[in-house]
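Reviewing the structure listed below.
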Amino acid sequence: MRKLVLILCSFLLLVTAQAQRDTINRVYNVKTKYELPAGGACIILSSLGFAKLQKVSAMTMDEVLNLNPDDVNAFDRPVIFKDPAGFKSAEKTSNLFLNISIAAPALFALDKKIRKDWLDLLGMYLVTHAVDNALYFVGTYSVRRPRPLTYNTSLDIKERYGEGKSNSFYSGHVGFSSAATFFAAKVYTDYHQIKGWKRMAFYAAAAVPPALVGYFRMQAARHFKTDVLVGFISGAASGILVPELHRIKKKYDQVSLAPYYVPGAAGITVGVGIGGPKKTRLFNTAVEKIME
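Here it is, written out as structure tokens:
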């Protein structure tokens, strides 16, 4: 009977230890079979939202001719007067930095510690962009704000009106870029347990690509400064908060199990941890005791 108890205790210990190792090694709790297809579906559906937005944000020639730069706040107004000669080049450059940003998480493939969870991370990355897209649609469908170029009389009138001219608020390009780079920074620092100022340094680096996207979007007179700032904050919030909400909170082990055997008794020791490392108390309970 004692041998049977010891065997059962040992088996329970092994199972518990394995479960604890699995939990310790995991950083995020991602429901991949749900989140991956749901995130992908939302991204695909977003394309329909973008297409509709172009029509919703159309402006007529009369509406454009009635625009007055003085109606724009002083902080944003200088963007109106950018040189049209540089618009196309600036827009191409902003798209380049956007594409680089979106591809940034692919660098996880170079990290052995991270790439093993690539499917979970892909699902979480799609959810991040789905959330960011949702925030963007709420903002841009709710607010009709003419783009800076619609005010610029140095630009041919034919390029100042038409579809997609009143969706300046807010910058989707900057939002998508910051969602991607801050997601990458958040995930990397979580896996490698980087905290404090070192983590802030990663976030500072993550801010560079979306800042460049925003700069060139303004040079192309596609967005005002405030549009860029709101897009940056929205994307960064999505990139940080989605992984954070999935993160498995690592706390000190609350329960531990171990078999024990002494002459005259055998059973399982149940250790219950309370508080942090300096306040941990163990309560041992023999769940089964066999006396001679």
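Using the numbering used here, you'd call the opening residue of the sequence shown number 183 and step up by one each time. The C-beta atom is built at its ideal place from N, Cα and C for all residues, glycine as well. Just so we're clear, the structure is a prediction, and the values are computed from it rather than from any experiment.
- Distance check between residue 358 and each of 410, 288, 302, 244 places 410 closest, using alpha-carbon atoms only.
- Taking all protein chains in view, the Cβ of residue 253 is surrounded by fewer than 16 other Cβ atoms within 10 Å, so the residue is classified as exposed.
- The C-beta separation of residue 425 from residue 369 comes to about 6 Å, placing the pair in contact by the 8 Å criterion.
- For residue 396, the enclosing alpha helix (DSSP H) begins and ends at 378 to 401.
- Under DSSP, residue 429 forms a beta bridge with 210.
- For residue 359, the enclosing alpha helix (DSSP H) stretches over residues 354 to 373.
- Annotation: residue 319 to residue 231 spans about 8 Å, alpha carbon to alpha carbon.
- Straight-line measurement puts the Cα of residue 306 at about 11 Å from the Cα of residue 216.
- Across the structure, residue 381 and residue 419 are spaced so that their CA atoms are roughly 15 Å apart.
- Only buried fits residue 347, as 16 or more other CB atoms lie within 10 angstroms of its CB.
- Each of 233, 288, 427, 383 was checked against the Cα of residue 322, and the nearest Cα belongs to 233.
- Residue 429 places its beta carbon 8 Å or farther from that of residue 212.
- With fewer than three CB-CB distances shorter than 8 Å, the segment 257 to 273 does not count as touching the segment 358 to 367.
- Between residue 421 and residue 363 the beta-carbon gap is near 7 Å, inside 8 Å, which marks them as a contact.
- Below 8 Å, too few C-beta pairs join the segment 373 to 380 and the segment 244 to 252 to call them touching: fewer than three.
- Secondary structure note for residue 310: its alpha helix (DSSP H) is the uninterrupted segment 300 to 324.
- Considering only 398, 311, 395, 342, the residue with the shortest C-alpha distance to residue 366 is 311.
- DSSP, read as helix, strand or coil, puts residue 417 in helix.
- Counting other Cβ atoms within 10 Å of its Cβ, residue 339 stays below 16 and is therefore classed as exposed.
- Around the beta carbon of residue 329, 16 or more other beta carbons lie within 10 angstroms, which makes this residue buried.
- Within the DSSP secondary-structure output, residue 327 pairs in a beta bridge with 349.
- Inclusion of residue 392 and residue 354 in the CB contact set at 8 Å is not warranted, their separation being larger than that value.
- Under the 8 Å Cβ criterion, the segment 393 to 412 does not count as touching the segment 291 to 299, having fewer than three qualifying pairs.
- Residue range 243 to 247 is occupied by the alpha helix (DSSP H) that includes residue 244.
- Following the DSSP letters along the chain, one finds residue 271 inside the alpha helix (DSSP H) bounded by residues 269 to 285.
- Under the 10 Å beta carbon count, residue 400 is surrounded by 16 or more other beta carbons and is classified as buried.
- Put simply, the backbone Cα of residue 335 is about 42 Å away from that of residue 222.
- Nearest to residue 308 by C-alpha distance, out of 274, 227, 279, is 227.
- In this model, residue 235 and residue 341 are separated by some 18 Å (Cα to Cα).
- Inclusion of residue 313 and residue 351 in the CB contact set at 8 Å is not warranted, their separation being larger than that value.
- Looking at the DSSP output, residue 344 bridges to 241.
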